[in-house]
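Counting with UniProt numbering, you get residues 1 to 188 for the letters of the sequence shown.
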Amino acid sequence: KLGRTGREVPSDEKLSGVSLGTPEVQIQPGGTVFAKSRLSYPNDKDESESATRPAQVKGMPVSGRQWKLDCKRSSSMRVANKLIRKSWDEKMKERARDKQIKAKQDALVQARIDEKREKKRLAEERQKRKEENRLKGAVVQSISTMKVKKMSRKQLRMIRKMDTSNEGKVFDLKPIEKTKGLKGKVKI
């Protein structure tokens, strides 16, 4: 008769591939058949002890559903692997490599920023030279202060002060305006 758990085999039944008379199979006093484990575990310290450890032979399930697998706990299913850890030297090498990469990236970014600044500076210089050249080529006419004082505001907006004696450099580009505080007179 099978036990309540369905894991015991009656002593009169033959095991598949193993006869009951062999030394690997033992019949216990309760009628339970045990087989010695043939597996060797690499972590065992005493191989002879693991070879003599008896393992229970499993029989037919009580429910009769032999296609069902035995329930195993997830803890017993797990295989304990050695954790993959890097040595101190490897960590330091990786850190140094990352530092070099970061330094190179920073240098490239800084080079691009400097290049943009240089382009901007050159564009500003070019614009300044262009304006100076335009003013050098402009028609210059000297106007007496009396005429300037009589001009309307609209006419004064067209007038610029320039120094023509020294290479035509512009020293004041703002248009001349009449201020209200001087009673409509121009301050030159």
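Here a beta-carbon is modelled for each residue, glycine too, at the ideal position from N, C-alpha and C.
task = For my contact list, Val140 and Met162 are in at a C-beta cut-off of 8 Å; report their separation, rounded to the angstrom.
result = Here residue 140 refers to the residue found at position 140 when the sequence shown is read from its first residue. Here residue 162 refers to the residue found at position 162 when the sequence shown is read from its first residue. So it is a contact: roughly 6 Å between Cβ atoms.
Three-way DSSP call (helix, strand, coil) for Ala138 in this model = Here residue 138 is taken as the residue at index 138 of the sequence shown, counted from 1. Ala138: coil per DSSP, three-state reduction.
message = Once DSSP output is grouped into helix, strand and coil, what is the label at Val62?
response = The residue given as residue 62 occupies position 62 in the sequence shown. DSSP places Val62 in coil when its eight states are reduced to three.
inquiry  = Tell me the residue span of the alpha helix (DSSP H) that contains Lys150.
reply    = Mapped onto the sequence shown, residue 150 falls at position 150. First-last of the alpha helix (DSSP H) with Lys150: Thr145 to Lys150.
ask   = Excluding the five sequence neighbours on either side, which residues of its own chain have a C-beta within less than 8 Å of the C-beta of Lys104, listed in chain order?
value = Start at 1 with the first residue of the sequence shown, and residue 104 comes out as number 104. Excluding positions up to five away in sequence, the list is empty.
query = When DSSP labels each residue in this structure, what does Ser40 get in the three-state scheme?
reply = As a working note, residue 40 is residue 40 in the sequence shown. Unreliable positioning characterises Ser40 in this predicted model, as indicated by a pLDDT of 49, which lies under 50. A coordinate reading is not provided.
query = Which value, in whole angstroms, describes the spacing of the CA atoms of Arg153 and Gln110?
reply = Mapped onto the sequence shown, residue 153 falls at position 153. Mapped onto the sequence shown, residue 110 falls at position 110. Rounded to the nearest angstrom, the gap between the Cα atoms of Arg153 and Gln110 is 50 Å.
request  = Provide the residue span of the alpha helix (DSSP H) that contains Leu156, from first to last.
outcome  = One-based indexing of the sequence shown puts residue 156 at position 156. Looking at the DSSP string, the run of the alpha helix (DSSP H) that includes Leu156 is Arg153 to Leu156.
query = When burial is assigned at 16 or more other CB atoms within 10 Å of the CB, is Gly137 buried or exposed?
reply = Locating residue 137 in the sequence shown gives position 137, counting from the first residue. Exposed.
query = What's the C-alpha gap between Lys130 and Lys149?
reply = Against the sequence shown, residue 130 aligns to sequence position 130. Against the sequence shown, residue 149 aligns to sequence position 149. If you draw a straight line from the Cα of Lys130 to the Cα of Lys149, it is about 31 Å long.
key: Beta-carbon proximity list for Arg95, same chain, < 7 Å, skipping 5 on both sides   = Here residue 95 corresponds to residue number 95 of the sequence shown, with the count starting at 1. Excluding its 5 nearest sequence neighbours in each direction, Arg95 has no C-beta neighbour in its own chain below 7 Å.
key: Reduced DSSP category for Trp67 - H, G, I as helix; E, B as strand; rest coil   = As a first step, residue 67 must be located in the sequence shown, where it is residue number 67. Trp67 falls in the coil class under three-state DSSP.
task = Kindly indicate which three-state DSSP category Lys86 falls into: helix, strand or coil?
result = The count along the sequence shown starts at 1 and reaches residue 86 at position 86. In the structure shown, Lys86 sits in coil (DSSP, three-state: anything other than H, G, I, E or B).
message = If I measure Cβ to Cβ from Asp106 and keep anything under 8 Å in the same chain, skipping five residues before and after, which residues do I get?
response = Translated into positions along the sequence shown, residue 106 becomes position 106. Within the same chain, Asp106 has no close Cβ partners at all.
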